[in-house]
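Peer 1: Below is a structure I'd like to ask you about.
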Amino acid sequence: MSLKLFVKYIELCRELNKEPSLKGAMAFKIAFK
């Protein structure tokens with residue numbers, strides 16, 4: 278997983294007031310291949 282994509286995921290979680298998790302990151306990675 279690229280760092281750029283991971284940072285985007287963290288920002289998205291902050292926007293949605295969600296706790297970033299490894300499981301969520303993996304789902305995000307699959308969704309944004």
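The sequence shown begins at 278 in our numbering and counts up by one.
Positions of the beta carbon are idealized from the N, C-alpha and C atoms, including for glycine.
1. Considering just the uninterrupted stretch of the alpha helix (DSSP H) at L296, what are its terminal residues?
2. Could you give the DSSP three-state label for F309: helix, strand or coil?
3. Find out if the Cβ-Cβ distance for the pair A302, F283 is shorter than 9 Å.
Peer 2: For this structure:
1. As a working mapping, residue 296 is identified with position 19 in the sequence shown. The sequence given here has Glu at residue 296, not Leu. That residue, E296, is in no alpha helix (DSSP H); it is neither H nor E in DSSP.
2. In the sequence shown, residue 309 corresponds to position 32, counting from 1. In the structure shown, F309 sits in coil (DSSP, three-state: anything other than H, G, I, E or B).
3. To locate residue 302, count along the sequence shown from 1; it is residue 25. To locate residue 283, count along the sequence shown from 1; it is residue 6. A contact, by the Cβ cut-off of 9 Å.
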